[in-house]
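Inspection log for the structure reproduced underneath, given as structure tokens.
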Amino acid sequence: MNRQSKTAWTAAILLFVSFESVGFQLRGSLLPAIQSTYSTSTEILGLVATAGTLGFVAAVLVTGAVAGRLNIRLTMILSVSVVGISILAVGIAPSFGILLAALFIRGIATAPFRALDRAVLGHFYPESRAQVFNGYAVIWAVGATTGPLIAYLATRFGNWRFAYLALSIAFIPAAGLLLYLDVPDSLAAEKPLNRNSLRVLGSDPAVRTMIVGLIFSGGVEGSLFTWLPYFATTHAGLEDGFLLLMVYLAAYIPARYTYSRVLGSFNPQIMIIVLASLALPLAIALPLVESKIGLYVVVCLLGACVSGLFPTLSAIGVDSVPAYSSPINSLAAAAGFAGISTFPPIVGILTARADIARAFYLLPVLLAGYLIVAGFLYRTWSIRRLKILIFFSVSWPCN
0 MNRQSKTAWT
10 AAILLFVSFE
20 SVGFQLRGSL
30 LPAIQSTYST
40 STEILGLVAT
50 AGTLGFVAAV
60 LVTGAVAGRL
70 NIRLTMILSV
80 SVVGISILAV
90 GIAPSFGILL
100 AALFIRGIAT
110 APFRALDRAV
120 LGHFYPESRA
130 QVFNGYAVIW
140 AVGATTGPLI
150 AYLATRFGNW
160 RFAYLALSIA
170 FIPAAGLLLY
180 LDVPDSLAAE
190 KPLNRNSLRV
200 LGSDPAVRTM
210 IVGLIFSGGV
220 EGSLFTWLPY
230 FATTHAGLED
240 GFLLLMVYLA
250 AYIPARYTYS
260 RVLGSFNPQI
270 MIIVLASLAL
280 PLAIALPLVE
290 SKIGLYVVVC
300 LLGACVSGLF
310 PTLSAIGVDS
320 VPAYSSPINS
330 LAAAAGFAGI
340 STFPPIVGIL
350 TARADIARAF
360 YLLPVLLAGY
370 LIVAGFLYRT
380 WSIRRLKILI
390 FFSVSWPCN
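All residue numbers for the sequence shown refer to numbering that gives the first Met the number 0, where the first residue is 0 and numbers rise by one.
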């Protein structure tokens, strides 16, 4: 594939990812407005995050399993189109139940694109997947950071629905670009899942630990995405809770850019251990900070640390078995979104039983779990490397 076509594919993927992340971050910022519109309790309000991700988890796994048999371009075009329509449905939903249904459909429609996009990029840039995946994550972060701002502007102009109505037309450029592109030749090497490949993936320690670790990191991110504005207004006393979420997300941009640059010369297994170790005390401090400036500082640093957990660990999984990049990409996305769909409702239940500050103590528990998984992965990698060194040191005299 020539450079121009590769650039066009990359642009289409990044356009979709940037706007999809805007929609993903509208939910948390608009949670108080949605609660006011539909008069829901905090227990039910947490389902906004679950509805948007539950269908995604199942659909992304199915897409990854059959990726080797799909028409990549047509699948991604349909995905973009249905996402735009479902976002429009969210904006005009007359009841909370219909809003949840529209979010559920949007999650299902998002899955095929997200199951394939990083696999396509991985085939384009096989020598620098960790860097490219973090660069991809930078674009996601840029879009995500604008989500709370768009939510704020929509409510200031009179109605939270305006944000979804405007976003629904933003996916047209990505769909239009995909209409004129050919399928990358390199994807012909992508292997579909079967019993043998499932055995291969299931026996790989990097893939197993990736799945467990991303459930934990997804729980951290999903809880913050959904509940940080609520925490800011009800516990921290901030007038505009969306600003705290914006600061958190804004920290993703320079952090992920930095990670994308340094990963070429830095061990990714060590990086995720360092990031999780730094994030853990920050998560413990978050509910305890009383100063507003201190709260912004803690949230900014926490965002910088957490931002590198998902893209780096998922790249480790893909690098482990690159011939199955689409299935592994799907497993990574499913694991991350499983955490995103599972833990925000738990935070909602804990908030209703106690308060949001106490509910946020779930975050350090999840980060501790991630740190254990990262340590296990590094230990496995170190043992494998030691075995290779022993093999060559023993074999060398024989040569």
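For each residue, glycine too, the CB sits at the ideal point set by N, CA and C.
Here residue 33 is buried. Its C-beta has 16 or more other C-beta atoms within 10 Å. In terms of CA proximity to residue 370, 305 leads the group 316, 176 and 305.
Taking residue 26 as reference, the option from 214, 283 and 153 with the minimal CA-CA separation is 153.
Taking a C-beta distance under 8 Å as the contact criterion, residue 258 and residue 208 do not qualify as a contact pair. Straight through space, the alpha carbons of residue 246 and residue 325 are spaced by roughly 32 Å. Residue 37: member of the alpha helix (DSSP H) spanning 2-37, first to last residue. Counting C-beta pairs with one atom in each stretch, the segment 313-327 and the segment 7-16 have fewer than three that are closer than 8 Å, which means they do not touch. Short of 7 Å from the beta carbon of residue 166, and not among the five residues preceding or following it, lie these beta carbons of its own chain, in chain order: 18, 21, 22 and 86. Of all C-beta pairs linking the segment 232-248 to the segment 109-120, fewer than three are shorter than 8 Å, placing the two stretches out of contact.
Within the segment 58-114, the runs of alpha helix (DSSP H) that reach at least 4 residues and sit entirely inside it are, in chain order, 71-91. Taking a cut-off of 8 Å on C-beta distances, the segment 255-274 does not touch the segment 142-149, as fewer than three cross pairs fall below it.
Leaving aside the five residues that flank residue 104 on each side, the residues in its chain whose CB is nearer than 8 Å to its CB run, in chain order, 54, 81, 85 and 88. If you compare the alpha carbons of 342, 352 and 330 with that of residue 118, the shortest gap goes to 330.
Cα atoms of residue 332 and residue 35: separation of roughly 32 Å, rounded to the nearest angstrom.
Considering only 48, 14 and 44, the residue with the shortest C-alpha distance to residue 221 is 48. For residue 296, the uninterrupted alpha helix (DSSP H) run begins and ends at 291-305, by DSSP. For residue 273, the secondary structure class from DSSP, reduced to helix, strand or coil, is helix.
Around the beta carbon of residue 155, fewer than 16 other beta carbons lie within 10 angstroms, which makes this residue exposed.
Distance from the Cα of residue 217 is smallest, within the candidate group 340, 24, 377 and 335, for 335. Shown here, residue 119 sits in a helix according to DSSP, grouped into three states.
In terms of Cβ geometry, residue 282 and residue 227 do not form a close pair [threshold 8 Å]. For residue 285, the closest C-alpha among the options 298, 4 and 83 is that of 298. For residue 220, the uninterrupted alpha helix (DSSP H) segment begins and ends at 204-233.
Distance from the Cα of residue 50 is smallest, within the candidate group 6, 101 and 75, for 101. Taking every protein chain shown into account, the CB of residue 255 has 16 or more other CB atoms within 10 angstroms, so this residue is buried.
In this structure, the beta-carbon distance from residue 350 to residue 41 falls below 8 Å. Per DSSP, reduced to three states, the secondary structure at residue 321 is helical. Secondary structure at residue 236: coil, using DSSP grouped into helix, strand and coil. Burial state of residue 162 is buried, judged by a 10 Å Cβ sphere holding 16 or more other Cβ atoms. A Cβ-Cβ separation of about 27 Å leaves residue 266 out of contact with residue 63 under the 8 Å criterion. In this structure, residue 16 sits near residue 139, with a CB-CB distance shorter than 8 Å. Non-local beta-carbon contacts of residue 277 in its own chain, meaning distances under 6 Å to residues more than five positions away in sequence, involve 304 in chain order. One alpha carbon belongs to residue 176, the other to residue 77, and they sit about 13 Å apart. In the structure shown, residue 42 falls within a helical segment according to DSSP collapsed to helix, strand and coil.
A direct Cα-to-Cα measurement between residue 39 and residue 5 gives close to 47 Å.
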